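S.K.: Here's a structure for you.
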Amino acid sequence: TTRTPSFLGLDQNAAMFPESDSARDVIVGVLDTGVWPESPSFDDTGFSAVPSSWRGECEIGTNFTKSNCNKKLIGARFFARGYEATLGPIDETKESRSPRDDDGHGTHTSTTAAGSVVSGASLFGYAPGTARGMAPQARIAAYKVCWIGGCFSSDILAALDKAIDDNVNVLSLSLGGGMSDFFRDSVAIAAFAAMEKGILVSCSAGNAGPTSYSLSNVAPWITTVGAGTLDRDFPAFVSLGNGKNFSGVSLFKGGALPEKLLPFVYAGNVSNASDGNLCMTGSLIPEKVRGKIVLCDRGVNPRVQKGSVVKDAGGLGMVLANTAANGDELVADAHLLPATTVGETTAKEIKDYLFSDPNPTATVLFEGTKVGIEPSPVVAAFSSRGPNSITPQILKPDLIAPGVNILAGWSGAVGPTGLAEDARRVGFNIISGTSMSCPHVSGLAALLKAAHPEWSPAAIRSALMTTAYTAYKNGKVIQDVSTGKPSTAFDHGAGHVDPVSALNPGLVYDLDAEDYLNFLCALNYTASQINSLARRNFSCVAGKSYSVNDLNYPSFAISLEARGGVVKHTRTLTNVGPPGTYKVSVASDDSVKIAVEPQSLTFGQSNEKKSYSVTFTAGAMPANANGFGRIEWSDGKRVVGSPVAVSW
Amino acid sequence: TAEKKETYIVHMAKSEMPGEFVDHTRWYDASLKSVSGEAEMLYTYTNVVHGFSTRLTPDEARSMEARPGILSVLPESRYDLH
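From first to last, the protein sequence lines are chains A and B.
For the first sequence, the positions run 3 to 650 when the numbering used here is used.
For the second sequence, the positions run -3 to 78 when the numbering used here is used.
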């Protein structure tokens, strides 16, 4: 990626991160659409021999040989038996029956996590700079589990089974399914086994935001990652015949529009289809579109496909208008014709003109790349939101990371829009999603693993979460682009990842498999359900009081009846820094009172553990009301922060 | 529709493996063959699950679920990229 290493402070603090063999021995396994090994992001110049711990393979198949792996891309496997059993043999004219990535998504995510340094990267000149993954010295192993028809659980389980055998250290999964109990969810089941082996599993939170209760991958042994923006934009202005200009975004590169205002039409008025406003395939009337700029509403079909539909109908340009579902979030696309995306607010103003002027005209002006955009980050509208529908007592997402307009490596088999009619080929592409934020955290976890090889997956996640930030430098809380208002812990979890602070968190909330098994007892899982999930006979002790509130999680979620109540949580902090005394401070809105006991914890040596309790007291509130707060422990140098979310 | 095969993930309680089996994969295979003579395993899992995936009819899946040593027989689910 370009820009994110700087946005995250990695470039400015490079000396703090290990450059030793420990960094080169960390292996990030990515389950996705495979890999395009010719990407310069897999260049292995300067890499030492493959770590002796590595047990993986470079599997051969369609257009993929053992020589496609190297000392950077050390493994590549594919898993298709489940897919083929359901949908029939893979059509090798459409996708490679091998680890080769014909889609681009897998190359994008793997290079985001751990791609090598590539200078002069850009997409058509957009987002130029030196591209690199978050852990450029880590090794990559690609596990192809997603095909044109989807990603099937039997294949995902098989890939994770192999990845554990292969000895990966971090697993990155930018995919998700429906919401189901952990003992029915293949990703949750396999992630449990990985966690037991010391492998951190980072998963995308989902793109179903801003709807509440829309999260995927919410098991507490998974690190769940939401998405925020960078301080970078790709402005493309709409200039109207009434003299007004409106800002939008675009990654279009190609022939410019004529240097004059063009006739401007609303797609819904140049179509016979009831959903003509959406610019669905074949829905526009060429006679009414030819030579004009068309305004299409966002939704239903892919954004880039709308541009292709306008182009096929003879249109010269497109304005893509966000609706309420996306608000003012601007996601840039490499459209096939001159086009720009505008926010809902802007779209309303443009439509006012379009529907009131008898002869509306417009043009689109492309401004390239702008950096230093503020405020940033803001929570992406699409990023899935809490509360956690499976276990409301565990706050998810865990944190957010860059996931909007991210440049990273791409497949040579497909154009940047992914459309069949897009004949362009690019080395890097700019796309958005929690799929993009997840591998940022996977790569950062690899960095922490290199710096602290002895840390458990829970300790690494704790470091990432407790050092995440929730406010800008001016003190204002990170915004939610879907509302334009301050975001909450249900949007950003513990906050935006800050890897430099995460290197030295001071204290961590650690967890092991036994803790999670007790958590399952607290959920009243049967012995059979626990066995399905954790592959062992584990008996919850009859009469023992198990509480979800005792899971040593780095955040707090309190689920209350409408009448309110008092809830007590306990937590244990482990010292991973120098000796010191940490004092607690709490903040909360008026709806909840937070009391911590004791108020001070003194750690004399490394790995010393100290416990504390928190009592949350809340009054009656209407159902679905939420309250928020924060608990921070500080020794004056480090701040170990935990978000608090209360829901009635 | 009762005859239409679908993919299932079969979770086994390894601790309940009968003594006559030395290799758990043989036990998995015998369990599968007891409900479907023609079904084959797609994958045998070692680390993430004690069990395997296979294609069964709904009736076969129900029969499998009732067998000793079976924890669950879960229909395959589809995941999507984010």
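We put the CB at the ideal spot given by N, CA and C, even for glycine.
Remember, predicted model here, so these are calculated numbers, not experimental data.
(1) Please classify A:Asn554: is it buried, with 16 or more other beta-carbons within 10 angstroms of its beta-carbon, or exposed?
(2) Using a cut-off of 9 angstroms between C-beta atoms, extract the partners of B:Val31 located in chain A.
(3) When you compare the CB positions of A:Ser593 and A:Trp38, do they come within less than 8 angstroms of one another, or not?
(4) At the 8 angstroms Cβ level, is B:Asp25 part of the contact set with chain A, yes or no?
(5) Closest Cβ-Cβ distance between B:Val44 and chain A: below 8 angstroms?
(6) For a test of the three-state rule: what should DSSP assign to A:Arg292, helix, strand or coil?
(7) Starting from the C-beta of B:Pro64, find all residues in its chain whose C-beta is less than 7 angstroms away, skip the five residues before and the five after it, and write them out in chain order.
(8) In the DSSP assignment, the alpha helix (DSSP H) including B:Val69 goes from what residue to what residue?
(9) To the nearest whole angstrom, what separates the beta carbons of A:Pro2 and A:Gln481, a pair I think is in contact under 8 angstroms?
(10) Am I right that A:Ile92 and A:Pro459 are in contact with their C-beta atoms under 8 angstroms? What's the rounded C-beta distance?
(11) Does the distance from the CB of A:Gly329 to the CB of A:Gly309 come in under 8 angstroms?
(12) Can you tell which of A:Ala193, A:Gly151 and A:Asp235 has the C-alpha that lies nearest to the C-alpha of A:Val220?
(13) Kindly say whether B:Glu72, judged by its beta-carbon, lies nearer than 8 angstroms to any beta-carbon of chain A.
(14) If you draw a straight line from the alpha carbon of A:Leu397 to that of A:Thr213, how long is it in whole angstroms?
(15) Find the residues of chain A that neighbour B:His78, judging by a C-beta separation of less than 7 angstroms, and give them in chain order.
(16) Comparing the C-beta of B:Thr3 with each C-beta of chain A, is any distance below 8 angstroms?
(17) Please state the DSSP three-state secondary structure of A:Ser378.
(18) For the alpha helix (DSSP H) containing A:Tyr555, name the first residue and the last one.
(19) Can you pull out the residues from the stretch 45 to 68 of chain B whose beta carbon lies closer than 8 angstroms to at least one beta carbon of chain A?
(20) Which of the three DSSP states is assigned to A:Thr114 in this structure?
(21) Assuming the contact rule is C-beta atoms closer than 8 angstroms, A:Ile660 and A:Lys96 should be a hit. Round their C-beta distance to whole Å, please.
(22) Closer than 8 angstroms, CB to CB, is B:Leu38 near chain A or not?
(23) Buried or exposed: A:Asp666, going by 16 or more other Cβ atoms within 10 Å of its Cβ?
(24) Less than 8 angstroms between C-beta atoms, sequence neighbours within five positions excluded: which residues of the same chain meet that for A:Ser50?
(25) How about A:Ala269 and A:Leu286: are their beta carbons less than 8 angstroms apart?
(26) If we count the other Cβ atoms within 10 Å of its Cβ and call it buried at 16 or more, is A:Lys262 buried or exposed?
(27) Along the chain, where does the beta strand (DSSP E) containing B:Met37 start, and where does it finish?
(28) Three Cβ pairs or more, each shorter than 8 angstroms: is that satisfied between the stretch 443 to 456 of chain A and the stretch 167 to 183 of chain A?
(29) Does any CB atom of chain A fall closer than 8 angstroms to the CB of B:Ala35?
(30) Run through chain A and tell me which residues come within less than 8 angstroms of B:His7, C-beta to C-beta.
(31) Per DSSP, B:Met90 forms a beta bridge with which residues?
(32) Is A:Gln607 buried or exposed, if buried means 16 or more other CB atoms sit within 10 Å of its CB?
(33) Which whole runs of the beta strand (DSSP E) in the stretch 552 to 592 of chain A are 3 residues long or more, in chain order?
(34) In the stretch 498 to 561 of chain A, which residue ranges form an unbroken alpha helix (DSSP H) of at least 4 residues, counting only runs that do not cross its ends?
(35) Kindly list the residues whose CB is nearer than 6 angstroms to the CB of A:Ser124, restricted to its own chain and excluding five residues on each side of it in sequence; keep chain order.
(36) Below 7 angstroms between beta carbons is the criterion; list the residues of the stretch 78 to 105 of chain A that meet it against any residue of chain B, in chain order.
M.R.: By the coordinates alone:
(1) Taking a 10 Å sphere around the C-beta of A:Asn554, we find 16 or more other C-beta atoms and assign the residue as buried.
(2) Neighbours of B:Val31 on chain A: none; closest Cβ ~17 angstroms, over 9 angstroms.
(3) Taking a C-beta distance under 8 angstroms as the contact criterion, A:Ser593 and A:Trp38 do not qualify as a contact pair.
(4) So no, B:Asp25 is outside the interface.
(5) B:Val44 has a beta carbon lying within less than 8 angstroms of a beta carbon in chain A.
(6) In the three-state reduction of the DSSP assignment, A:Arg292 falls in the coil class.
(7) Cβ within range, chain order: Glu12.
(8) Counting along the chain, B:Val69 falls outside any alpha helix (DSSP H), though it belongs to the beta strand (DSSP E) covering Ile66 to Pro71.
(9) Summary: the structure shown does not reach residue 2 of chain A, with chain A confined to residues 3 through 650, and so no result is reported for it.
(10) Actually they do not touch by this definition, with Cβ atoms about 34 angstroms apart.
(11) Going by C-beta atoms, A:Gly329 is not nearer than 8 angstroms to A:Gly309.
(12) Of the candidates A:Ala193, A:Gly151 and A:Asp235, the one whose C-alpha sits nearest the C-alpha of A:Val220 is A:Ala193.
(13) Chain A contact via Cβ: present.
(14) Each residue's Cα considered, the two are about 16 angstroms apart.
(15) For B:His78, the C-beta contacts it makes with chain A under 7 angstroms involve Ser176, Leu177, Gly178, Ser206, Gly208, Asn209, Gly435, Thr436 and Ser437, in order along the chain.
(16) Judged by the 8 angstroms Cβ criterion, B:Thr3 is in contact with chain A.
(17) A:Ser378 falls in the coil class under three-state DSSP.
(18) Counting along the chain, A:Tyr555 falls outside any alpha helix (DSSP H), and DSSP gives it neither H nor E.
(19) Cβ proximity to chain A below 8 angstroms picks out Val45, His46, Ser49, Arg51, Leu67 and Ser68 from the stretch 45 to 68 of chain B.
(20) In the structure shown, A:Thr114 falls within a helical segment according to DSSP collapsed to helix, strand and coil.
(21) The requested residue 660 of chain A is not part of the displayed model; chain A covers only 3 to 650.
(22) Answer yes: the Cβ-Cβ gap between B:Leu38 and chain A drops below 8 angstroms somewhere.
(23) A query on residue 666 of chain A cannot be resolved here, the shown segment of chain A reaching from 3 to 650 and no further.
(24) Here the set comprises Asp23, Arg26 and Lys73.
(25) Between A:Ala269 and A:Leu286, the gap from beta carbon to beta carbon is short of 8 angstroms.
(26) If you draw a 10 Å sphere on the C-beta of A:Lys262, you find fewer than 16 other C-beta atoms in it, and that means exposed.
(27) Residue range Met37 to Tyr41 is occupied by the beta strand (DSSP E) that includes B:Met37.
(28) Under the three-pair Cβ rule at 8 angstroms, the stretch 443 to 456 of chain A counts as touching the stretch 167 to 183 of chain A.
(29) Proximity of B:Ala35 to chain A, defined by a Cβ-Cβ separation below 8 angstroms, is not satisfied.
(30) Taking the beta carbon of B:His7 as reference, the chain A residues within 8 angstroms of it are Asn533 and Ser534, listed in sequence order.
(31) The first residue shown for chain B is -3 and the last is 78, placing residue 90 of chain B beyond what the model contains.
(32) Counting Cβ neighbours within 10 Å, A:Gln607 comes out exposed, since fewer than 16 surround it.
(33) Qualifying beta strand (DSSP E) stretches, in chain order: 558 to 561, 567 to 577 and 582 to 590.
(34) Within the stretch 498 to 561 of chain A, complete alpha helix (DSSP H) segments of at least 4 residues are found at 501 to 505, 515 to 524 and 529 to 536, given in chain order.
(35) Beyond the five residues adjoining it in sequence on each side, A:Ser124 comes within less than 6 angstroms, by CB distance, of Pro130 in the same chain, given in chain order.
(36) Closer than 7 angstroms at the C-beta level to chain B, one finds these residues of the stretch 78 to 105 of chain A: Arg83, Gly84, Ala87 and Thr88.
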